[in-house]
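Numbered continuously in the UniProt record's numbering, the sequence shown closes out at residue 188.
Single-structure report; data block below.
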Amino acid sequence: MKSYVPPRPWPARQAATGRAREATGSEEAARQAALLTGLRRAHCSLEALGQALPGWQRLAHAPGLAAQLAMLEAVAAEALHRIDFILSRLDEPSEAGGATVPGWIAAAELAYPKDAEDGSDATLAALAHWALGRLAARGLALVTLAHEAGEYQAAHLLRLSVEEGRAAARGLVPHLTPRRTLSAPRLH
Numbered sequence: 001m002k003s004y005v006p007p008r009p010w011p012a013r014q015a016a017t018g019r020a021r022e023a024t025g026s027e028e029a030a031r032q033a034a035l036l037t038g039l040r041r042a043h044c045s046l047e048a049l050g051q052a053l054p055g056w057q058r059l060a061h062a063p064g065l066a067a068q069l070a071m072l073e074a075v076a077a078e079a080l081h082r083i084d085f086i087l088s089r090l091d092e093p094s095e096a097g098g099a100t101v102p103g104w105i106a107a108a109e110l111a112y113p114k115d116a117e118d119g120s121d122a123t124l125a126a127l128a129h130w131a132l133g134r135l136a137a138r139g140l141a142l143v144t145l146a147h148e149a150g151e152y153q154a155a156h157l158l159r160l161s162v163e164e165g166r167a168a169a170r171g172l173v174p175h176l177t178p179r180r181t182l183s184a185p186r187l188h
């Protein structure tokens, strides 16, 4: 019978795999720069989403979808405030010296397609769901960058924003398929 051997402590495990080296100043600076760029991209994307949402609410036919889009607008505004807070804590303005960074989502991508076949709420819900999916995926990558840069409070705030966005996306799911009225079967 084998006896139990406890695992080695984490630093020893790091040394065994060759990962126990100190980050150099240039690596830390690169992580910080990547985090700041990601935060600025998120800021631009959330601004574009915030500008598109009022128009989407006017286009919504179903009151449930309009309410869901209003909630999404509040979620996007809160996420934007969190990013502004993180940037202020990192002593960085929202836009670096007036230079804009392209967002993860461009305003043109958020325009309601004029050639939408059905013009229904399903197209609108799909567009909003797509935007939230992209923001969530990139937001989770940004959470990882914040952890790697040692900005744990920023990572926590970003994770909260991602979770709220994913919850809003789940609320859009019932609107993704067009509603059809069911007629009673005809009896002969």
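We put the beta carbon where it would ideally sit given N, CA and C, even for glycine.
Please determine whether the Cβ atom of residue i lies at a distance below 7 angstroms from any heavy atom of the ligand GTP.
i          : result
residue 85 : Only the bare structure without any ligand can be found here, which leaves the ligand GTP out of the picture.
Let me check understanding here. Comparing Cα to Cα, which of the options lies closest to residue i?
i           : options            : result
residue 128 : 172, 77, 42, 156   : 172
residue 152 : 35, 79, 138        : 35
residue 49  : 109, 27, 160, 138  : 109
residue 32  : 77, 154, 137       : 154
residue 149 : 72, 90, 131        : 90
residue 165 : 28, 51, 29, 76     : 76
residue 27  : 157, 145, 163      : 145
residue 70  : 177, 168, 176      : 168
residue 113 : 72, 52, 177        : 52
residue 103 : 163, 138, 156, 177 : 138
residue 176 : 29, 30, 68, 25     : 68
Under 6 angstroms Cβ to Cβ from residue i, same chain only, skipping five residues before and after it: list those, please.
i           : result
residue 66  : 57, 60
residue 174 : none
residue 161 : 79, 82
residue 159 : 143
residue 107 : 48
residue 98  : Confidence at residue 98 is low in this model, with a pLDDT of 46, below 50, so its placement is unreliable and the value that follows should be read with caution. So the list is empty, once near-sequence residues are dropped.
Within the continuous alpha helix (DSSP H) that includes residue i, where are the two ends?
i           : result
residue 66  : 63–89
residue 59  : 25–59
residue 152 : 152–172
residue 130 : 121–148
Go through its chain and collect everything with a Cβ distance to residue i's Cβ below 7 angstroms, but skip five positions before and after it.
i           : result
residue 170 : none
residue 101 : 37, 40, 41, 44
residue 72  : 53, 128, 168
Quick one: residues in its chain with C-beta nearer than 8 angstroms to the C-beta of residue i, no 5 flanking neighbours on either side, listed in chain order?
i           : result
residue 21  : Any reading at residue 21 needs caution, since the residue's pLDDT is 49, under 50, leaving its predicted position unreliable; the model's value is listed next. Once the five neighbours on either side are set aside, residue 21 has no close Cβ partner at all.
residue 105 : 45, 48, 49, 131, 134, 135
With a threshold of 8 angstroms, are at least 3 pairs of Cβ atoms found where one atom belongs to the stretch 121–133 and the other to the stretch 53–61? yes
Do the stretch 59–72 and the stretch 80–88 touch if we need at least three Cβ pairs shorter than 8 angstroms? no
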